[in-house]
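Q:
Chains as they are written, first to last, in our numbering: chain A, 14 to 128; chain B, 12 to 121.
1. For the pair the segment 103-114 of chain B and the segment 45-58 of chain A, tell me if three or more CB-CB distances fall below 8 Å.
2. Looking at C-beta atoms only, is the number of pairs between the segment 24-31 of chain B and the segment 96-103 of chain A that lie closer than 8 Å three or more?
3. If contact is defined by three or more beta carbon pairs under 8 Å, each pair taking one atom from either stretch, is the segment 17-29 of chain B in contact with the segment 57-74 of chain A?
4. Check residue 98 of chain A in the structure and name its three-state DSSP category.
5. With DSSP collapsed to three states, give me the class of residue 121 of chain A.
6. Are there three or more Cβ pairs, one per stretch, closer than 8 Å when the segment 57-66 of chain A is compared with the segment 13-22 of chain B?
7. What runs of the alpha helix (DSSP H), each 4 residues or longer, lie entirely inside the segment 47-96 of chain B?
8. Using a cut-off of 8 Å between C-beta atoms, extract the partners of residue 89 of chain A located in chain B.
9. Quickly, what does DSSP pair residue 77 of chain A with across the bridge? List them, please.
10. Do residue 15 of chain A and residue 128 of chain A have their beta-carbon atoms positioned less than 8 Å apart in this structure?
Below, the structure is given as structure tokens:
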């Protein structure tokens, strides 16, 4: 598609439950990025993919967080055993090429609320 | 660790006033991007500056990249209520992830 599509728009989970977020990048874009936005401002990089391969996962919490980008499927970000601190808006972005100098096109985010 | 310090964090001004937002770092970036984010939406790219000393204009918005490629500024002339939003700078260096500033939340009052 012409836009990055993220689903669901809102997700509410009880503490300890699993949360799974989805992202369909712009058609033809090779790179996908996941960010966590907390306190309505600060963006924290989580992970990036080049096609279905992990490109950079330096921002991913070592436990509970995992992500995949499989061929012919939306990319996904999964959080196991959610905690209150996982409440945030999770953004996905895609770009045509790698990071440097390339604009990233963002989806509208998934607001995750952990109760 | 590369950091981008963005200031001010909040800015509330009257329609017609001018303003400048700053983005500073001790690190050198190969490029710097400015985004604007509105409530409930993802950031939208405004401009990318690549060359040290580069100035780009987008209507009433002027973006400048510092000579040493460590800092950037966004100047808005005659601000309008439609300029209200969160402005984010983001630095790129090679293949490392974009480093985002903490944003400037601008409110322009009619």
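Idealized CB from N, CA, C, for every residue including glycine.
A: Once the coordinates are examined:
1. yes
2. no
3. no
4. In the first chain, counting from the first residue as 1, residue 98 of chain A sits at position 85. Correct three-state label for residue 98 of chain A: helix.
5. By 1-based counting over the first chain, the position of residue 121 of chain A is 108. Coil.
6. no
7. none
8. Numbered from its first residue, the first chain carries residue 89 of chain A at position 76. Within chain B, no residue comes near residue 89 of chain A; the closest Cβ sits about 18 Å away, beyond 8 Å.
9. In the first chain, residue 77 of chain A corresponds to position 64, counting from 1. DSSP output for residue 77 of chain A lists no bridge partner at all.
10. On the first chain, position 115 is the one that residue 128 of chain A refers to. On the first chain, position 2 is the one that residue 15 of chain A refers to. Cβ distance not < 8 Å, so residue 128 of chain A and residue 15 of chain A don't count as in contact.
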